[in-house]
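Peer 1:
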Ligand code: ARG
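Residue numbers (our numbering): 18 to 579.
Set out below in structure tokens:
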């Protein structure tokens, strides 16, 4: 619709000798604060000095040049220095219903990513620790961002850059040598490895030994390599199980260890580009001039670092994928670190670094507002989170359907679990800290994932009761219907904004508002047997499609029945 408004204005403005490009007109167009003032408003102040005329007069003259409003508009009026456009409600309804029902899961897609490639790195847990709550935010947000990019037409590469190298590996190897138990390792590898990790981490006096073992690992000591390989395999297997449960897929698993060999080249390159400095016995890149302190490249004992691997992997990824954009979904604690990383890449002369972004997020807090601890054995395992949520979901389902069979119960409970956890996170602006409260997340009422799934299931059940075959006639619309139509037509705008700000909460909040409007509409407007049955059914079908598309972007499956 906006395009049409621009077109109409461009023509009228030209007749008044004001030549503006589409983009310039677009910038001037405002969305009025209330619908009584129209759907779009065009202010005429900015031409006053050029035309030496009162803006109110200018508005009147431009309005005159427009002539009769085209079919798609109910009216075009002036109000002081503004020209207000009133989009035809029936037209709007026809358009959104037709488009959503025709394009289905493609409705709302954008084109800005066409023929472009984007690499989204997210989740990236560490092998020394089980996949726990610490990496859940990155997993949920990164997954949704990847979906949002895909919806704009990008080819998306989903990458898991898991941490399988570094002193933490030394801790595990040393710990296993000291406290390990072959039998326990095979029975419950994740738990056993975690117990060892906690034992070693608790005691500072083991740090030196752990570093020594990591050094050995870097030097390819047979024993160290063998144990490391086994630990990595056990951990990866566990990660993959969790991703499968959550319905999350990766195109590439790329561990930090992949860059062992290539790291030397990076160090040489830094030296050749005269960026490397010695500081005591360590190697650094000095970023003080840019206010970014120093970036450590090699420790004094010669061991390499997280930072060196990141540099190497970024360069390698660009060579391999030639991405147009790269996103790192990693917690806020690493904000400064990523600034340093990008600065070093810039100094190395890699122009593509301007297309790299660190997309950060805040912390999960417990109900007392404290952060969830992950050290000292207090981490919360993903497996337990899922099980706990699932049992809460089962309780909710059984309240409504006491006799549901076990298989169906299991299936629904899992989908509700994902909706609860994902939505509970995504409804918050990602940079904010948020309270992780499963009980609240799982509720079927209020601003929750299950509530939105429930609204979808409700729409499905209404549609199943009838067959809507009549030709679409649009009647005079009730106020609630207009609101719902407007909200539905907002969807493409919202998906674009979510991409531009890399912020899935826009979609989450939108889907809640949409579900609420739908429920209000259904409460106020009788559907089956009413005079407007066929239109209202079409509206419900449109709602059902749009809410489904929104949920998909959040990584949540809708449920046909609840
Ligand atoms: N494994 C890291 C951690 O747990 C996150 C990796 C983030 N990605 C990166 N390219 N540095 O903290």
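C-beta: ideal position from N, C-alpha, C; glycine also.
Does DSSP classify residue 370 as helix, strand or coil?
Peer 2: helix
Peer 1: Beta-carbon of residue 236 versus every beta-carbon of chain B: anything under 8 Å?
Peer 2: Absent here is chain B; the protein component of the structure consists of one chain.
Peer 1: Using a Cβ-based criterion (distance less than 7 Å to any ligand heavy atom), does residue 141 qualify as near the ligand ARG?
Peer 2: yes
Peer 1: Touch check for the region 180-199 and the region 225-244: three-plus C-beta pairs under 8 Å?
Peer 2: yes
Peer 1: Using beta-carbon positions only, say whether residue 137 and residue 162 come within less than 8 Å of one another.
Peer 2: yes
Peer 1: Leaving out five residues on either side along the sequence, give the residues of the same chain with a beta carbon under 6 Å from the beta carbon of residue 146.
Peer 2: none
Peer 1: How many angstroms separate the CA atom of residue 536 from the CA atom of residue 459?
Peer 2: If you take the alpha carbons of residue 536 and residue 459, they lie about 19 Å apart.
Peer 1: State buried or exposed for residue 243, treating a residue as buried only when at least 16 other CB atoms are found within 10 Å of its CB.
Peer 2: Looking at its Cβ environment, which holds fewer than 16 other Cβ atoms inside 10 Å, residue 243 is exposed.
Peer 1: Quick one: residues in its chain with C-beta nearer than 6 Å to the C-beta of residue 207, no 5 flanking neighbours on either side, listed in chain order?
Peer 2: Within the same chain, residue 207 has close Cβ partners 147, 255.
Peer 1: Please classify residue 388: does DSSP put it in a helix, a strand, or coil?
Peer 2: strand
Peer 1: Please look up how many angstroms separate the CB atoms of residue 421 and residue 415, rounded, as I've assumed it's under 8 Å.
Peer 2: 7 Å
Peer 1: How is residue 445 classed by DSSP in three states: helix, strand or coil?
Peer 2: coil
Peer 1: Measure the CB-CB distance between residue 559 and residue 117 and report whether it falls below 8 Å.
Peer 2: yes
Peer 1: Nearest to residue 403 by alpha carbon, out of 379, 377, 413, 431?
Peer 2: 431
Peer 1: Is residue 618 helix, strand or coil by DSSP?
Peer 2: Here the chain has residues from 18 to 579 only, and residue 618 is not among them.
Peer 1: Under the criterion of a Cβ to heavy atom distance below 7 Å, does residue 335 qualify as lining the ligand ARG?
Peer 2: Incorrect: residue 335 has no Cβ contact closer than 7 Å to the ligand ARG.
Peer 1: May I ask you to report which of helix, strand or coil DSSP gives residue 60?
Peer 2: Strand, per DSSP.
Peer 1: Going by alpha carbons, who is nearest to residue 160 out of 443, 217, 132?
Peer 2: 443
Peer 1: Using the three-state DSSP reduction, which class does residue 149 fall into: helix, strand or coil?
Peer 2: strand
Peer 1: Restricting to Cα atoms, I'd like to know which of 450, 452, 451, 473 is closest to residue 461.
Peer 2: 473
Peer 1: Any heavy atom of the ligand ARG closer than 7 Å to the Cβ of residue 537?
Peer 2: no
Peer 1: Mapping the DSSP letters down to three states, classify residue 346 as helix, strand or coil.
Peer 2: strand
Peer 1: Using only CA atoms, which one of 105, 35, 154 lies nearest to residue 65?
Peer 2: 35
Peer 1: Please state the DSSP three-state secondary structure of residue 138.
Peer 2: strand
Peer 1: Identify, in the order they occur along the chain, each residue of the same chain with its Cβ nearer than 8 Å to the Cβ of residue 584, setting aside the five sequence neighbours on each side.
Peer 2: Here the chain covers residues 18 to 579 and nothing more, so residue 584 does not appear.
Peer 1: Would you grab the beta carbon distance between residue 573 and residue 466 for me? Rounded to a whole angstrom, and I think it's under 8 Å.
Peer 2: 6 Å
Peer 1: Could you work out which residue in 127, 249, 575, 273 is closest to residue 440 when comparing CA atoms only?
Peer 2: 575
Peer 1: Please list the segments of the alpha helix (DSSP H) lying wholly inside the region 487-523, counting only runs of 4 or more residues, in order along the chain.
Peer 2: 496-517
Peer 1: Could you tell me which of 374, 363, 303 sits nearest to residue 346, measuring between CA atoms?
Peer 2: It is 374 whose Cα lies nearest to the Cα of residue 346.
Peer 1: With H, G and I counted as helix, E and B as strand and the rest as coil, what does DSSP make of residue 171?
Peer 2: coil
Peer 1: Kindly examine the ligand ARG and report whether one of its heavy atoms sits closer than 7 Å to the Cβ of residue 466.
Peer 2: It does not: the Cβ of residue 466 is nowhere closer than 7 Å to a heavy atom of the ligand ARG.
Peer 1: Note down, in chain order, each residue of its chain lying with its Cβ closer than 7 Å to the Cβ of residue 221, except the 5 sequence neighbours on either side.
Peer 2: Closer than 7 Å at the Cβ level, and outside the excluded window around residue 221, lies no residue.
Peer 1: Touching or not, the region 74-82 and the region 47-57, by the rule of three or more beta carbon pairs under 8 Å?
Peer 2: Because the criterion of three Cβ pairs below 8 Å is not met, the region 74-82 and the region 47-57 do not touch.
Peer 1: Kindly list the residues whose CB is nearer than 8 Å to the CB of residue 209, restricted to its own chain and excluding five residues on each side of it in sequence; keep chain order.
Peer 2: 197, 198, 201, 202
Peer 1: Nearest by alpha-carbon distance to residue 13: which of 150, 318, 80, 291 is it?
Peer 2: Because the chain spans 18 through 579 in this model, residue 13 falls outside it and cannot be assessed.
Peer 1: On the criterion of 16 or more Cβ atoms from any shown chain inside 10 Å, does residue 392 qualify as buried, or is it exposed?
Peer 2: Residue placement at residue 392 is flagged as unreliable, the pLDDT there being 47, under the threshold of 50; the coordinate-derived value follows with that caveat. When all chains shown are included, residue 392 counts as exposed.
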